[in-house]
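Below is one structure; the comments refer to it alone.
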Amino acid sequence: MKRIVTIQDISCVGKCSLTVALPIISAMGTEAAVLPTAVLSTHTMFTGYTFKDLTDQIAPIAEHWKKEKLGFDAIYTGYLGSFEQLDLVSSFFDDFKTEENVIFVDPVMGDNGSLYTGFTTEFARKMAELCGKADIIVPNMTEACAMTDSEYKTGPYTMDYLKDMLKKLADLGAKKAVITGASMKEGMTGVMAYDPAADDFFTYAHPMVAASYHGTGDIFASACVGALMKGKSLEQALALAASFTSRCIQVTYDSGKTQWYGVDFEAVIPELIELVNNK
Ligand code: PXL
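Position in the sequence shown (from 1) plus 583 gives the number in our numbering.
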């Protein structure tokens, strides 16, 4: 069985970061090891949340894993909260990268044109350096703009604009660059990817649901890395993750609940298992 280590916070309530990565990766049939970077009572879109930083645990945990000769088929990073964490994660990559494994960076920093509480453009520049060490990066348009010093625009985007942005992202050094929430046409959204070595683009579009929920980027990233571990190509994994995420949004929207903080991805896990096991 393959093993992913995912490095991000645990928000106790909020359906994001580790509380979605663990169930999704496990349901897809891959072991999910975790390196929690902080414990929050909720994610940061709530007010009054508690925050216990775990930065001082990263190096000793990594040291123990090295002594135990533990390895990972994928290293998947999400929300990271400080410059020091970015440095420690960069060293973690140096220590645990192999010829075969995949470094998958979701540079979680913002959405809808704004950075989340606590993030700055300076932080985005440093996150861009971490992206340079990755095999695959999956920013949304807000994060892509922040890391490439580009002005944020709302979609739909022209194909030329998306290709240009993907080339800028690939210039950061990642082997493959992806943009999520890449709307190419009114009422549609999707993902677009670029492989600079082959100079090849890939797009997957699907209808946009008229609702926005928190944590959907983490659901997308977890499903994508989970699918890669089950032998899917990047294109297949992106399409699977995008359709799973959009089903999660649709199911939550259809339930009529005004639960803004996260989607009911749990209800769609049986479909995810079917999707990933379809040859
Ligand atoms: O879903 C991304 C995310 C992860 N972790 C924390 C967050 C957010 C987004 O706001 O606040 C703590």
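The beta-carbon is built from N, C-alpha and C at its ideal position, and this holds for glycine as well.
When rounded, the separation of the alpha-carbon atoms in MET628 and LYS758 is 32 Å.
Inclusion of SER594 in the 6 Å shell around the ligand PXL follows from its C-beta lying nearer than that to a non-hydrogen atom of the ligand. THR627 has its Cβ nearer than 6 Å to a heavy atom of the ligand PXL. Per the coordinates, the alpha-carbon of PHE655 lies some 11 Å from the alpha-carbon of MET812. In this structure, SER600 has its beta carbon less than 6 Å from a heavy atom of the ligand PXL.
Taking a C-beta distance under 7 Å as the contact criterion, TYR659 and VAL808 qualify as a contact pair. Taking ILE719 as the centre and dropping the five residues before and after it, the same chain places the C-beta of PHE687, LYS759 closer than 6 Å to its C-beta, in chain order. According to DSSP, residue pairing for ARG586 in a beta bridge involves GLU614. Remark: fewer than three beta-carbon pairs, one from each stretch, lie closer than 8 Å, so the region 831 to 846 and the region 814 to 821 are not flagged as touching. When the beta-carbon positions are compared, ALA806 and PHE827 come within less than 7 Å of each other. PHE666 counts as exposed, since fewer than 16 other C-beta atoms from the protein chains shown sit within 10 angstroms of its C-beta.
Segment contact: the region 767 to 778 against the region 722 to 735, fewer than three CB-CB distances shorter than 8 Å; contact not assigned. The DSSP-derived three-state label of ASP782 is coil.
By the Cβ neighbour-count rule, GLU726 is buried, with 16 or more other Cβ atoms within 10 Å of its own.
The alpha carbon of ASP778 has as its nearest neighbour, out of HIS797, ASP677, LYS750, the alpha carbon of LYS750. With a cutoff of 7 Å on beta-carbon distance, VAL774 and ALA780 are scored as not near each other. For VAL617, the closest of PHE634, THR630, ASP592 by C-alpha to C-alpha distance is ASP592. Note that the C-beta distance between ALA707 and MET692 is below 7 Å.
Taking the Cα positions, LYS736 is about 24 Å away from TYR844. Closest in alpha carbon position to ASP689, among THR799, GLY814, ASP837, GLU854, is THR799. The C-beta distance from ALA825 to PHE803 rounds to 7 Å, short enough to meet the 8 Å contact threshold. Counting along the chain, the unbroken beta strand (DSSP E) around TYR659 starts and ends at 657 to 660. HIS797 is bridged by DSSP to nothing; it lacks a bridge partner. The shortest CA-to-CA distance from THR630 to any of THR700, GLY839, PHE675 is the one to THR700.
Looking at the backbone, the Cα of LEU623 and that of TYR740 are separated by about 35 Å.
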